[in-house]
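Residue numbers (the numbering used here), protein chains in the order written: chain A, 145 to 517; chain B, 41 to 414.
Data block below; observations after.
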Amino acid sequence: MAKPIQLSPKEMINAYLLFFVVHGAQIGVGIQGFQRIIYQDARHDAWISVLLAGIATHIVTFCMIKTLEIYGSNDLYGIQINIFGKWIGNFLNAMYILYCFVAFFSVLRNYIEVIQAWIFPSIGTWFLSATLLIIIIYAFTGGLRVIVGVSFFSIILSLWIFPMLAFPMKYSTAASLLPILENDFRSILKGAHSMTFTIIGFEILNIIYPFVKDKKNVRKPVHLALLATTFIYLSVMMVSITYYSEGKLLKTIWATLTLFSFISFPFMERFEFVAVCFWMLIILPNLCFYLWAAYRGAIRLVNISGTTFVWLFSFFAFIGTILIQTRTQINTINTVFGQVAFYVVFVYPILLWLIAQLKKNFTAKKVKNNEQA
Amino acid sequence: MNKLRGKSIVLLSFVFLYGCAQTNILDKVGLTTLVGYDIGAEEKIATTAVIREVNPEFQSNVEVLTTENDTSKGNRMDANRKLSKKIMVGQMRVILFGEDVAKDNLRYYIDTNLENASVSNGIYMAVVEGKAAPLLKYEYQNIEDIGQHIFRLIEQNVKQEYMISATLHQIAHDYYSIGKDLAMPIIKRDDELVELSGVALFKGGKMVSTLPAKDSFYVKIVRDTFKVGLYETVLEKEDIPSKFLQKPANKITVAFDAIHSNREMELVDIATPEFDLNIKIKSRVLEVFPDINQGDPKSVAGLEKAIEKNLTKEISRVIAHSQEVESDIFGFGEKYRSTVRHSKLTKDKWHEMYKNMKVNVNVDFVILRDGVFE
Numbered sequence: 145m146a147k148p149i150q151l152s153p154k155e156m157i158n159a160y161l162l163f164f165v166v167h168g169a170q171i172g173v174g175i176q177g178f179q180r181i182i183y184q185d186a187r188h189d190a191w192i193s194v195l196l197a198g199i200a201t202h203i204v205t206f207c208m209i210k211t212l213e214i215y216g217s218n219d220l221y222g223i224q225i226n227i228f229g230k231w232i233g234n235f236l237n238a239m240y241i242l243y244c245f246v247a248f249f250s251v252l253r254n255y256i257e258v259i260q261a262w263i264f265p266s267i268g269t270w271f272l273s274a275t276l277l278i279i280i281i282y283a284f285t286g287g288l289r290v291i292v293g294v295s296f297f298s299i300i301l302s303l304w305i306f307p308m309l310a311f312p313m314k315y316s317t318a319a320s321l322l323p324i325l326e327n328d329f330r331s332i333l334k335g336a337h338s339m340t341f342t343i344i345g346f347e348i349l350n351i352i353y354p355f356v357k358d359k360k361n362v363r364k365p366v367h368l369a370l371l372a373t374t375f376i377y378l379s380v381m382m383v384s385i386t387y388y389s390e391g392k393l394l395k396t397i398w399a400t401l402t403l404f405s406f407i408s409f410p411f412m413e414r415f416e417f418v419a420v421c422f423w424m425l426i427i428l429p430n431l432c433f434y435l436w437a438a439y440r441g442a443i444r445l446v447n448i449s450g451t452t453f454v455w456l457f458s459f460f461a462f463i464g465t466i467l468i469q470t471r472t473q474i475n476t477i478n479t480v481f482g483q484v485a486f487y488v489v490f491v492y493p494i495l496l497w498l499i500a501q502l503k504k505n506f507t508a509k510k511v512k513n514n515e516q517a
Numbered sequence: 041m042n043k044l045r046g047k048s049i050v051l052l053s054f055v056f057l058y059g060c061a062q063t064n065i066l067d068k069v070g071l072t073t074l075v076g077y078d079i080g081a082e083e084k085i086a087t088t089a090v091i092r093e094v095n096p097e098f099q100s101n102v103e104v105l106t107t108e109n110d111t112s113k114g115n116r117m118d119a120n121r122k123l124s125k126k127i128m129v130g131q132m133r134v135i136l137f138g139e140d141v142a143k144d145n146l147r148y149y150i151d152t153n154l155e156n157a158s159v160s161n162g163i164y165m166a167v168v169e170g171k172a173a174p175l176l177k178y179e180y181q182n183i184e185d186i187g188q189h190i191f192r193l194i195e196q197n198v199k200q201e202y203m204i205s206a207t208l209h210q211i212a213h214d215y216y217s218i219g220k221d222l223a224m225p226i227i228k229r230d231d232e233l234v235e236l237s238g239v240a241l242f243k244g245g246k247m248v249s250t251l252p253a254k255d256s257f258y259v260k261i262v263r264d265t266f267k268v269g270l271y272e273t274v275l276e277k278e279d280i281p282s283k284f285l286q287k288p289a290n291k292i293t294v295a296f297d298a299i300h301s302n303r304e305m306e307l308v309d310i311a312t313p314e315f316d317l318n319i320k321i322k323s324r325v326l327e328v329f330p331d332i333n334q335g336d337p338k339s340v341a342g343l344e345k346a347i348e349k350n351l352t353k354e355i356s357r358v359i360a361h362s363q364e365v366e367s368d369i370f371g372f373g374e375k376y377r378s379t380v381r382h383s384k385l386t387k388d389k390w391h392e393m394y395k396n397m398k399v400n401v402n403v404d405f406v407i408l409r410d411g412v413f414e
């Protein structure tokens, strides 16, 4: 068995905080405009796709936790080395770090794009990316407990955005959802597959697991978090389908933000401008967790200090945001990343669980045989 | 401690850098409150913009500018060349279309306004009888800011439910919907006033017909649920048994206040298609001329029947008119799409079917009460 990660209680977190970790890591930039991507495939049954994707996250998480329980207190990086050996294991670890980097980068770039498209078209990408990176570096240097704190506050402070969905419901027509299941099952599944980019984030569990104090209580908060995420996505999707008409939803790039665009209060003419700015708080946990996950992998590969790592990582992300400028490039990255993420997040953990289980049985037999001999 | 100070200096510098974003100070911008589109004499689009220039010392100044260019943004640049202040569109409240533009195609105008993040989805849209420019350029005696005036005029009538609501969101929704066509109010200049004169019916992005303002009540009642709205109708002599009348008369005028209305559409025959349209109206009768004894339950029931008959006739007429011009502003197609599985409906296909559609209108009219004096 692999050497478990040794941690002092001071570095650990309570299991219930995983609710905020998982939920905070899931909701990010995807929710701003996932509707039309799902709608392209599943049409007005898109909400079923969202539901299916939500169920899939539960199944995958179930497998993840099973795998992690086999190893007691270890993370994905340790498990990979244990199962596949030093070379392949380290290669997979490096790949996973790269995955975290691309995820981090795509969240960052997408958010900057939203700010530029909605509010400040003339602000330089470098400026927004540098500002955001500095905040992230600041949170990261505080350690895991600070990052978890960020995700906690990110969720609590943005709770008020959710009831805003009631405003567009004024123009909703429930008939838009009918007839249910008109589209064939394949296109609905395809829609669920397109949910990947939006719904991922819960794979952070693979890395954060050793840091949980009471590991036997992990299940409940994690599944609750997934449930909450599915519920939010489902409500946003339902409201969007009923609020927009077919053609309009397909043409709206950030449907959630446009949903907010006619809400106005006597003291605030355009609500979505506030929402766009406020979104920074929502994506912060996303960014912090991917950065942290990459860091956990990097220290196993090379001997590197946290500060050096975070500056290097940020530097590459910064260069990346400057190089990738146009909407087409960003869309390509989102699509490609979504496809890769599907295998990394939804397929791989199930495979890994099967392999880990096999290996466990195999070694258990071997030990037994040895004892008998 | 030193390390912390270093960090805070870096952070602070960003705070100051933030000020480098482009600023829009109220004194230095011209707020476009209304834009009217016409087809230009030489170029594609003639834009008339009502621009309010806020001046802290003097009274605010309202400019009405007409420019011609191939795009609406190009028009904005042209207008910028004529003004001392930068033009912003964030406060735009109304978009008007000249009749020629509306009859051509609105697609471009809907899209360009949806694309622009600084244009709110809640702005009103309307068609102008004739051209938009003369309506806006006319020097009204009592109207200071024509942009603000038209906005208030439309807003007030929509809120009171006298006129159908046509915000950018609703227009775009209907335009991009398979089974529904869009409708807009029509405005025109009436001497020194601006008046809402009717409803424009569209087929796709083209205006195909109009209905008089009086009919907007029927359009509204079939389009969606109705909360408050005053309406007046004329009952024919044969609609109402003369025994209820206290004085014989040829025509009876009734004004009522629809407290609440509810409509239900049901698709009864897919092939034709045939719809049942059930409308329930609860109302308060405000005026009847000549008098009817409203204390007598029988005559109230008789009046209800007569109004039902009258409304059924009028609503059928309005729907028949819309069928003639193939403009489904009521959303029957939407109902068809959501009821029939695998209908593969397209807008063109629906327009074909809409012509031959049959509608059975049933109105259930209930008089809740009249005033405080019988």
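Virtual Cβ for every residue (Gly too), placed ideally from N, Cα, C.
Where the beta strand (DSSP E) through residue i begins and ends
{"i": "P225/B", "result": "223 to 230"}
{"i": "H337/A", "result": "Premise fails: H337/A lies in the alpha helix (DSSP H), 329 to 338, not in any beta strand (DSSP E)."}
CB contact flag (residue i, residue j, <8 Å)
{"i": "D297/B", "j": "E306/B", "result": "no"}
{"i": "L241/B", "j": "A223/B", "result": "yes"}
{"i": "N115/B", "j": "I85/B", "result": "yes"}
{"i": "I241/A", "j": "G233/A", "result": "no"}
{"i": "I407/B", "j": "L351/B", "result": "no"}
{"i": "G177/A", "j": "A399/A", "result": "yes"}
{"i": "V141/B", "j": "K228/B", "result": "no"}
{"i": "G518/A", "j": "S298/A", "result": "Any question about residue 518/A goes unanswered here, given that chain A covers just 145 to 517."}
{"i": "T72/B", "j": "M117/B", "result": "no"}
{"i": "V251/A", "j": "G172/A", "result": "yes"}
{"i": "M203/B", "j": "P174/B", "result": "no"}
{"i": "Y27/B", "j": "E354/B", "result": "This structure cannot speak to residue 27/B, because chain B is shown only from 41 to 414."}
{"i": "R253/A", "j": "L394/A", "result": "no"}
Length of the line joining the Cα atoms of residue i and residue j
{"i": "D231/B", "j": "Y178/B", "result": "10 Å"}
{"i": "D264/B", "j": "N302/B", "result": "8 Å"}
{"i": "L322/A", "j": "R187/A", "result": "11 Å"}
{"i": "I135/B", "j": "K171/B", "result": "13 Å"}
{"i": "K395/B", "j": "S367/B", "result": "9 Å"}
{"i": "G441/A", "j": "K154/A", "result": "21 Å"}
{"i": "Y388/A", "j": "F405/B", "result": "32 Å"}
{"i": "L288/A", "j": "W436/A", "result": "8 Å"}
{"i": "Q131/B", "j": "I186/B", "result": "14 Å"}
{"i": "K199/B", "j": "I351/A", "result": "55 Å"}
{"i": "M145/A", "j": "G222/A", "result": "The predicted model places M145/A with a pLDDT of 46, which falls under 50 and marks its position as unreliable, so this point remains unresolved."}
{"i": "I426/A", "j": "Y183/A", "result": "24 Å"}
{"i": "T205/A", "j": "N361/A", "result": "14 Å"}
{"i": "G286/A", "j": "A159/A", "result": "20 Å"}
{"i": "F228/A", "j": "Y434/A", "result": "23 Å"}
{"i": "K375/B", "j": "I256/A", "result": "41 Å"}
Residue span of the alpha helix (DSSP H) that contains residue i, given as start and end
{"i": "F206/A", "result": "190 to 215"}
{"i": "E354/B", "result": "337 to 364"}
{"i": "M239/A", "result": "220 to 262"}
{"i": "S256/B", "result": "256 to 263"}
{"i": "P365/A", "result": "363 to 387"}
{"i": "D151/B", "result": "147 to 155"}
{"i": "A283/A", "result": "269 to 285"}
{"i": "Y215/B", "result": "208 to 215"}
{"i": "L309/A", "result": "Neither: L309/A is in no alpha helix (DSSP H) and is coded neither H nor E."}
{"i": "M424/A", "result": "415 to 445"}
{"i": "V141/B", "result": "139 to 144"}
{"i": "K375/B", "result": "372 to 379"}
Contact test: residue i Cβ vs the ligand GDP heavy atom, cutoff 7 Å
{"i": "I355/B", "result": "As far as ligands go, the structure on display features none, and thus does not contain the ligand GDP."}
Exercise. Can you find at least 3 beta carbon pairs, one from the stretch 339 to 355 of chain A and one from the stretch 484 to 500 of chain A, that sit closer than 8 Å?
Worked result: yes
Exercise. Closer than 8 Å, Cβ to any Cβ of chain A: which residues of the stretch 214 to 238 of chain B, in chain order?
Worked result: D214, Y215, Y216, S217, I218, K220
Exercise. Given 8 Å as the limit, is there contact between the stretch 439 to 454 of chain A and the stretch 301 to 308 of chain A, that is, 3 or more CB pairs closer than that?
Worked result: no
For this session: Could you list the residues in the stretch 469 to 481 of chain A with a C-beta less than 8 Å from some C-beta on chain B, going in chain order?
Result: none
Exercise. Looking at chain A, which residues of the stretch 145 to 170 of chain B have a Cβ within less than 7 Å of any of its Cβ atoms?
Worked result: A157, S160, N161, G162
Problem set entry | Meets three-Cβ-pair contact criterion under 8 Å: the stretch 150 to 166 of chain B and the stretch 92 to 100 of chain B | no
Problem set entry | chain B contacts from the stretch 252 to 273 of chain A (Cβ-Cβ distance under 8 Å) | A261, W262, I263, F264, S266, I267, F271
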